[in-house]
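Below is one structure, written out as structure tokens; comments come after it.
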Amino acid sequence: MKLFALSLCVLSICFVCGCSRNPLDDVSSVPAADRVALKACLAAPDLPDNKWPEGAGKARCWLSLPQEPSLKEIAATLKGHDGTLELDRRYAEILAAHYKDPLHRDSLFRAYKDFGTPEGQLLAAVWMTKSPGSAFARLAKGEAALGAAWKARGNAFADKTSDAQFEGMTEQLKLAVPSLLLALHYEPRLSPACVDLMEIGDMVSDEKLYAAAAQQCTKVDPLSWQVNQELLMGADPRWGGSFDAIDRVVDQIRLREKDSPMLASLLAKGIGRRAYMPINDNDHLAPIAQELDRAALTAPDVFYIDKAGLAAEQRGNFPKALVYYSQALRFAPDEADFLIHRAQLRIKMHDSTLAYEDAKRAAIQPDDCGCKKDEANLAMVFRSLVRVDDERAELEKAEKQPKNRLWAMTTMCKSYIEFGFDSEHGLPCTKQLAEEFPGDSEAMYLRALTLYIVHDPAAAEFDARFRKLADPSRPGNDGEIKQLDQFTK
101 MKLFALSLCV LSICFVCGCS RNPLDDVSSV PAADRVALKA CLAAPDLPDN
151 KWPEGAGKAR CWLSLPQEPS LKEIAATLKG HDGTLELDRR YAEILAAHYK
201 DPLHRDSLFR AYKDFGTPEG QLLAAVWMTK SPGSAFARLA KGEAALGAAW
251 KARGNAFADK TSDAQFEGMT EQLKLAVPSL LLALHYEPRL SPACVDLMEI
301 GDMVSDEKLY AAAAQQCTKV DPLSWQVNQE LLMGADPRWG GSFDAIDRVV
351 DQIRLREKDS PMLASLLAKG IGRRAYMPIN DNDHLAPIAQ ELDRAALTAP
401 DVFYIDKAGL AAEQRGNFPK ALVYYSQALR FAPDEADFLI HRAQLRIKMH
451 DSTLAYEDAK RAAIQPDDCG CKKDEANLAM VFRSLVRVDD ERAELEKAEK
501 QPKNRLWAMT TMCKSYIEFG FDSEHGLPCT KQLAEEFPGD SEAMYLRALT
551 LYIVHDPAAA EFDARFRKLA DPSRPGNDGE IKQLDQFTK
């Protein structure tokens, strides 16, 4: 009788106040500052015609949350009286919550999200100095060293990575591995430590280190998204695995997904990797559009949803591409590449206002790892929108990358000519360009052109150097020759 009365009470409360039937909609545990973005993600509709497991989209939203506690909070805590004790208590609570609630799993990994950044590395060092016996501080120190190792190595393939880069990486890993091992020794449930060790095992091709770490991870935290993501990375054909190995991991994930819906976003890895890996070129995805559609509809995997958008755009289906890009940005709202892709599409759809909003959002994203790829594309987005100051800001970033320096400097110099000649900046720009790239015909052309404009006799020297390097059969060079001919006449 009491149970029946209680049920009626609960029902009456739900009728009056409303009850959330899906626990994934309960954002009460999230800091107020992060709730707006999370609620927007949770409220957004899933991809049309998807075959995702129930709750997969909402669960994926929770993986988009920023670090909690934030680095700012950690810094303030460490400055306080008994700050290290308070921080250890906070992280112990996070550890307990991580294992208590599989629906909101991976809060532990979120608590270590930013220690690999320069700011996080400094804080980890302070925490470690003040609390050398803390497992949580040890893990922060390991995360920091691993972040520094990736910074030293870069993200290029091994054949495009220098010996000096590998040496810098190795020195940082010598600091990371002991810290991570000690963290696990003090607290075996600290699964971010064993995930980091798996990652390091892959980085240095240490099969024993990887296997031992993988065994520990799957033993203590089999429902973690990060653990299963790292298992998939270890099975990847690019790093010595195979498609069959990926399938085996996915089969295990499928068994665990009902207990941890976040895992559902990993179910398309085999489909997507088989389609994308042979091409691995964002400019030629139209032939595999159907396979990418299938991957996107199988799981809320932001990588393949974005790639499906690129394929749809290349096939001329702009509305479909827009849906894909927007869905990818639902789960990763600050991903610069996704924002750039949508901005480029919106320019084609003649929506310059929203294109500019996406481009500006992409421009303000931090690049702590030094691995942001698309300053060049972002600069061209701003150029298409005739946002010259924004374009130049991105070109300045692109100039710092050796592979983009010639193109970025050339484009920068052109910007001082094409929008009305700016001699104050244009002349020094072409001077530096010509000095750095004396064997480039376009550099010689731009230097000659700017000197001709201001009637400087030195223009003839660079004109002659340009003509020695130029190939008249190339359409671009032919136009440049004709333009300089007008000055000589």
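Residue 101 is where the sequence shown starts when you use my numbering, and the numbers rise one by one after that. Built from N, CA and C at the ideal position, the CB exists for glycine as well.
Beta-carbon to beta-carbon, Ala570 and Ser541 are separated by about 5 Å, close enough to satisfy the 8 Å threshold. Around the C-beta of Pro292, 16 or more other C-beta atoms lie within 10 Å, and the residue is accordingly described as buried. CA-CA distance, Glu561 to Tyr552, rounds to 11 Å. Cα atoms of His384 and Gln414: separation of roughly 8 Å, rounded to the nearest angstrom.
Taking C-alpha positions only, Glu173 is separated from Glu186 by approximately 12 Å. Every alpha helix (DSSP H) of 4 residues or more that sits fully in the stretch 474-538 is shown, in chain order, as 475-484, 488-499, 505-518, 523-536. The way I'd put it, the stretch 368-376 does touch the stretch 393-404; three or more beta-carbon pairs between them come closer than 8 Å.
Nearest neighbour of Pro387 by Cα position, chosen from Phe403, Ala411, Ala399, turns out to be Ala411. With respect to the 8 Å criterion, Phe482 and Arg160 are not classified as neighbours on the basis of their beta carbons. At the C-beta level, Arg338 and Leu282 stay beyond 8 Å of one another.
Glu154 has its alpha-carbon roughly 14 Å from the corresponding atom of Asp125. In the pairwise beta carbon analysis, the stretch 244-252 is classified as touching the stretch 286-304: at least three pairs are separated by under 8 Å. Looking at Met298, Trp325, Asp578, the one whose alpha-carbon comes closest to that of Ala314 is Met298.
The beta carbon of Cys294 sits closer than 7 Å to the beta carbons of Leu284, Ala313, Gln316, Cys317 from its chain, once the five residues preceding and following it are set aside; these are given in chain order. Per DSSP, the continuous alpha helix (DSSP H) segment holding Ala543 begins and ends at 541-553. Between Thr510 and Leu485, the C-beta gap is not smaller than 8 Å, which leaves the two residues out of contact. About 17 Å separates the beta carbons of Pro400 and Leu323, which is beyond the 8 Å limit, so they are not a contact pair. Going by beta carbons, Gly242 and Ala276 fall inside the 8 Å limit. In the DSSP assignment, Glu457 falls within the alpha helix (DSSP H) that extends over 452-463.
Burial check for Phe209: the Cβ neighbour count within 10 Å reaches 16 or more, so the residue is buried. Residue burial annotation: Asn255 is exposed, with fewer than 16 other C-beta atoms found within 10 angstroms of its C-beta.
Leaving aside the five residues that flank Phe266 on each side, the residues in its chain whose CB is nearer than 8 Å to its CB run, in chain order, Arg253. Secondary structure at Val295: helix, using DSSP grouped into helix, strand and coil. The beta carbon of Gly576 sits closer than 6 Å to none of the beta carbons in its chain outside the five residues before and after it.
Looking at the backbone, the Cα of Ala462 and that of Thr588 are separated by about 44 Å. Membership of Thr318 in the alpha helix (DSSP H) is indicated by the continuous run 307-320. Annotation for His285: the continuous alpha helix (DSSP H) segment containing it runs 263-286. By the 16-neighbour rule on beta-carbons within 10 angstroms, Lys251 is buried.
In the same chain as Gly157, and ignoring 5 residues on each side of it, the C-beta atoms closer than 7 Å to its own belong to Asp146, Pro400, in chain order. Here the alpha carbon of Met362 sits roughly 20 Å from the alpha carbon of Ala335.
Here DSSP, grouped into helix, strand and coil, assigns Trp339 to helix. Around Asn150, the same chain offers Leu397 as residues with beta carbons nearer than 6 Å, after the five sequence neighbours per side are excluded.
Restricting attention to His555, Arg574, Ala144, Arg547, the CA atom closest to the CA of Ala564 is found in Arg547.
For the stretch 381-440, the full-length alpha helix (DSSP H) segments reaching 4 residues or more read 389-398, 402-414, 418-431 along the chain.
For Phe438, the CB contacts under 7 Å within the same chain, skipping 5 residues up- and downstream, are Asp406, Tyr425, Ala428, Leu429, Ala432 in chain order. Of the candidates Thr229, Leu549, His555, the residue whose Cα lies closest to the Cα of Lys582 is Leu549.
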